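Enquirer: Can you read through this structure? Questions will come right after.
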Amino acid sequence: MSRAILPLLLEDRRLDVAVEQAVIAGWTGRDAAAVEKHIIELEALGVKRPATTPIFYRVAAARLTCAESIEVLDGASSGEVEFVLLQFAGRLWVGAGSDHTDREVEAYGVSVSKQMCEKPIGTQFWAYEHVVEHWDRLMVRSYATIGGVRLLYQEGSVAAIRHPDDLILRFGKNSKWADGALMFCGTLPVHGGVRPAERFEFELEDPVRERKIRHGYSIAQLPNLG
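Those letters in the sequence shown? Residues 1 to 226, by my numbering.
Here you go:
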């Protein structure tokens, strides 16, 4: 089993955290009708219907990174902001990440596509108990630099995504949620359509406590020689 040692800031405490189980939760929208509509749209593009909704893809923990740059194969990949859950030292923590995915591979195998790219996360995490009472007021946001221009790529409330308690409960029906587990929890629609970028930035905002988790990374494209 692979693992990642990540230099994280848990509230105000810096620790090297070992993550041994990485999960990408997909189709996690609270609006079931909207989820079904999007599934049908993607089926028309050749993306296979998920076996369940939500669905929990596994990815090698070694793919997790806090680096400020990643390398991908040509221009077929893109990022997407997600809130991230981490179980560590008997407590639940909340952070932000980007489920960077190869879109060409996604068209023929979503599980395979999840393994193709690094999964950047921010180093800052908040204690879940400090945000659970005002959870639906949290916001996620991303910016993509495309052709040298920085654009708002995604923005919205986490209220559009299933609640963390619901996701953990559903995951736990078939797998064990324990210390060392980290889950990407789903994303929001993109302004202007999914597309590659030279740089991707994302953030999780808590307007009640007036704080943000931020991270950004550049994307270097490697040549695809067939």
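Glycine included, C-beta positions come from ideal geometry on N, C-alpha and C.
Quantities reported herein were computed from a predicted structural model and do not represent experimental measurements.
Any chance the segment 131-147 sits against the segment 103-119, with 3 or more Cβ pairs inside 8 Å?
Expert: The segment 131-147 vs the segment 103-119: no contact.
Enquirer: Using 8 Å for Cβ pairs, my map puts C117 next to V72. What's the rounded Cβ distance?
Expert: Indeed they touch by this definition, with Cβ atoms about 6 Å apart.
Enquirer: How would you label S98, buried or exposed, when you count the other beta carbons within 10 angstroms and need 16 or more for buried?
Expert: Answer is buried; the Cβ neighbour count reaches 16.
Enquirer: State the Cα-Cα distance for the pair L182 and L85, rounded to the nearest angstrom.
Expert: Taking the straight line from one Cα to the other gives about 6 Å.
Enquirer: Taking 7 Å as the limit between beta carbons, can you name the residues of its chain near S2, skipping five residues before and five after?
Expert: Closer than 7 Å at the Cβ level, and outside the excluded window around S2, lie A60, A61 and A62.
Enquirer: Consider the Cβ of F184: report whether some Cβ of chain B lies at a distance smaller than 7 Å.
Expert: Although the question refers to chain B, the structure presented lacks it and comprises just one protein chain.
Enquirer: Tell me, please, which residues DSSP counts as bridged to G26.
Expert: Per DSSP, I55.
Enquirer: What do you reckon, are the CB atoms on R195 and E203 nearer than 7 Å?
Expert: Their beta carbons are not under 7 Å apart, which means R195 does not touch E203 by this criterion.
Enquirer: DSSP state of P164, grouped into three classes?
Expert: Helix at P164.
Enquirer: Relative to the C-alpha of E32, which residue among Y153, Q21 and R162 is closest?
Expert: Per the sequence presented here, residue 32 reads as Ala, with Glu not at that position. When each option's Cα is compared against that of A32, the closest is R162.
Enquirer: Taking I5 as the reference, which of F83, Q154 and D16 has the closest Cα?
Expert: Considering only alpha carbons, the answer is D16.
Enquirer: Name the two residues that bound the continuous beta strand (DSSP E) containing V81.
Expert: V81 to F88 is the span of the beta strand (DSSP E), which, as asked, contains V81.
Enquirer: Would you mind reading off the limits of the beta strand (DSSP E) that contains E104?
Expert: Element bounds for E104: not the beta strand (DSSP E) but the alpha helix (DSSP H), R103 to E106.
Enquirer: Since T145 sits in a beta bridge, which residues does DSSP pair it with?
Expert: Beta-bridge pairing links T145 to R150 and R199.
Enquirer: Just curious, the alpha helix (DSSP H) that V110 is in, first and last residue?
Expert: That run of the alpha helix (DSSP H) goes V110 to S113.
Enquirer: Just verifying my parser: in three-state terms, what is the DSSP assignment at D136?
Expert: Reduced to three states, the DSSP call for D136 is helix.
Enquirer: A160 to L225, Cα distance in whole Å?
Expert: In a straight line, the C-alpha of A160 is about 40 Å away from that of L225.
Enquirer: Could you tell me the distance, in whole angstroms, from the CA atom of T145 to the CA atom of I219?
Expert: Each residue's alpha carbon lies about 10 Å from the other.
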